[in-house]
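**Q**
In full-length UniProt numbering, the protein residues as written are 1 to 384.
#1: Beta-carbon separation of residue 222 and residue 31 under 8 Å?
#2: Beta carbon of residue 284, beta carbon of residue 166: below 8 Å?
#3: Who are the near neighbours of residue 235 in its chain, counting only those whose CB is closer than 7 Å to its CB and skipping five residues on each side?
#4: Helix or strand or just coil, what does DSSP make of residue 35?
#5: Do residue 306 and residue 164 come within 8 Å of each other at the CB atom, strictly closer than that value?
#6: For the candidate residues 229, 186, 211, whose alpha-carbon lies nearest to that of residue 217?
#7: Which of the three DSSP states, helix, strand or coil, is assigned to residue 387?
#8: Just the Cα atoms here: how many angstroms apart are residue 135 and residue 16?
#9: Have a look at residue 270 and residue 39 and give me their C-alpha separation to the nearest angstrom.
#10: What do you get for residue 103, buried or exposed, if any count of 16 or more other CB atoms within 10 angstroms of its CB means buried?
#11: Between residue 20 and residue 95, what straight-line distance do the alpha-carbon atoms span, to the nearest angstrom?
#12: Among residues of its own chain, excluding the 5 on either side of residue 344, which ones have a beta-carbon nearer than 7 Å to its beta-carbon?
#13: When DSSP builds the beta bridges, which residues end up paired with residue 403?
#14: Using CA atoms only, rank isn't needed, just tell me which of 262, 22, 171, 111 is closest to residue 8.
#15: Got a sec? Which residues, its chain only, sit under 7 Å from residue 351 by beta carbon, not counting five neighbours each side?
#16: Is the separation between the beta-carbon of residue 146 and that of residue 184 shorter than 8 Å?
#17: If you run the structure through DSSP and keep just helix, strand and coil, what is residue 152?
#18: Kindly list the residues whose CB is nearer than 7 Å to the CB of residue 359, restricted to its own chain and excluding five residues on each side of it in sequence; keep chain order.
#19: Counting C-beta neighbours from all protein chains within 10 Å, is the total for residue 176 16 or more, i.e. buried, or is it exposed?
#20: CA-CA distance, residue 259 and residue 367?
#21: Looking at residue 215 and residue 233, is the spacing between their C-beta atoms short of 8 Å?
#22: Quick one: give me the first and last residue of the beta strand (DSSP E) that residue 105 is part of.
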């Protein structure tokens, strides 16, 4: 199977590493290894004792136990650890789906959730979010899409790139719909731990045995470089992932597993700081957007640290984002990467000083855009 290049990843490769201000990423500010060692009380002696041997295909038992207790259904047999949630996603979709299977996918979505089923040859139907009402979802629309032939429903809440989430009532309605047709439920929970006005949604595996959920250190915990993720599912489902994994990564490094387990044991302390930072940053962003409400529209996010915003009169933001990246060293992600070219994904997870600095650059840039448009309009009016 050969894949086309991923627009989002190409964009990040081109502009992320040289950016002075990151307004495009969808995760919180990264922590250092020193931060992790201090918070998790990791000694050099403990690191010296790690034996660099092969690990279990599903992950070490004690690691799976803490994941199951924190994010699963308390059963470590229902956990597999992976190289980020990206590996989990690849294993799940390729192991459970076949060409011709009917799959329903939330739209817009993070690109692997669509491109992998497409490449497998699945028949994809999209559950489209309503951009005219803040990217809300319609439960009745989902009910109409799901049939007895549906093999899997693919969801992501809180949602990337909009920050939208669903109510607990909607959550249980979705579980009821998917169980009625006996389909798999793939639940991307990358942003599950950062929500603003409600509690995190429960792992659907607790209520529905054909659920498969993924999690990651990359988005809510500031440790993308550790490349650690997991999936929770029934043991029967996890066993289906093993043949493909045996031909890819086999297992994780024991060093990664050690650091991950240590991090999970103090994850509340890490998360407390990240949640506070996200809430304060959201206040800054909301105040800034309110100042520019004549030219910018948005739906305030309910979770995560990214949001879709729209600039008045701009139908394709790619050139705007490219100019910002190349000449202004400020990263924004064009909505084209998610199939919505009139939007941009704006991330607000970085430290507040850099967020404010990036917003100042963006403010100056859009002022130039709209001032130039007004001058052109005035000039044309004079000569009409």
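Just so it is clear, CB atoms sit at the ideal spot from N, CA and C, and this is done for glycine as well.
**A** Inspection of the coordinates gives the following:
#1: As a working mapping, residue 222 is identified with position 222 in the chain shown. As a working mapping, residue 31 is identified with position 31 in the chain shown. Their beta carbons are under 8 Å apart, which means residue 222 touches residue 31 by this criterion.
#2: Looking up residue 284 in the chain shown gives position 284. Looking up residue 166 in the chain shown gives position 166. Taking 8 Å as the Cβ cut-off, residue 284 and residue 166 do not qualify as a contacting pair.
#3: If you number the chain shown from 1, residue 235 lands on position 235. For residue 235, where only same-chain residues beyond five positions count, the Cβ hits under 7 Å are 77, 78.
#4: Reading the chain shown from its first residue, position 35 is the one you call residue 35. DSSP places residue 35 in helix when its eight states are reduced to three.
#5: Within the chain shown, the letter at position 164 stands for residue 164. Within the chain shown, the letter at position 306 stands for residue 306. The answer is no: Cβ separation not under 8 Å.
#6: In the chain shown, counting from the first residue as 1, residue 217 sits at position 217. Answer by Cα proximity: 229.
#7: The structure shown does not extend to residue 387, since the chain is modelled only from 1 to 384, so the question has no answer here.
#8: For the purposes of this step, residue 135 is taken as the residue at position 135 of the chain shown. For the purposes of this step, residue 16 is taken as the residue at position 16 of the chain shown. Distance between the alpha carbons of residue 135 and residue 16 is about 27 Å.
#9: The residue given as residue 270 occupies position 270 in the chain shown. The residue given as residue 39 occupies position 39 in the chain shown. The straight-line gap from Cα to Cα measures roughly 8 Å.
#10: Position 103 of the chain shown holds residue 103. By the 10 Å Cβ count, residue 103 comes out buried.
#11: For this step, residue 20 is matched to residue 20 along the chain shown. For this step, residue 95 is matched to residue 95 along the chain shown. Their Cα atoms are separated by approximately 40 Å.
#12: Here residue 344 is taken as the residue at index 344 of the chain shown, counted from 1. Closer than 7 Å at the Cβ level, and outside the excluded window around residue 344, lie 309, 317, 321, 332, 333, 334, 335.
#13: Beyond the ends of the chain as shown, which are 1 and 384, falls residue 403; an answer cannot be given.
#14: As a working note, residue 8 is residue 8 in the chain shown. Considering only alpha carbons, the answer is 111.
#15: For the purposes of this step, residue 351 is identified with residue 351 of the chain shown, where counting begins at 1. Closer than 7 Å at Cβ, skipping near neighbours: 29.
#16: Counted from its first residue, the chain shown places residue 146 at position 146. Counted from its first residue, the chain shown places residue 184 at position 184. Cβ atoms of residue 146 and residue 184: not closer than 8 Å.
#17: Position 152 of the chain shown, counted from the first residue, corresponds to residue 152. Residue state, collapsed to three classes: strand.
#18: Stepping through the chain shown from its first residue, residue 359 is reached at position 359. If we look at residue 359 and ignore the five residues flanking it on each side, its Cβ neighbours are 288.
#19: The sequence position of residue 176 within the chain shown is 176, counting from 1. Burial call: exposed.
#20: Start at 1 with the first residue of the chain shown, and residue 259 comes out as number 259. Start at 1 with the first residue of the chain shown, and residue 367 comes out as number 367. Looking at the two C-alpha atoms, the distance is approximately 46 Å.
#21: Counting from 1 along the chain shown, the entry for residue 233 is found at position 233. Counting from 1 along the chain shown, the entry for residue 215 is found at position 215. No, they are not a contact pair.
#22: For the purposes of this step, residue 105 is taken as residue 105 along the chain shown, with counting starting at 1. It spans 102-107 - the beta strand (DSSP E) in which residue 105 sits, taken as one unbroken run.
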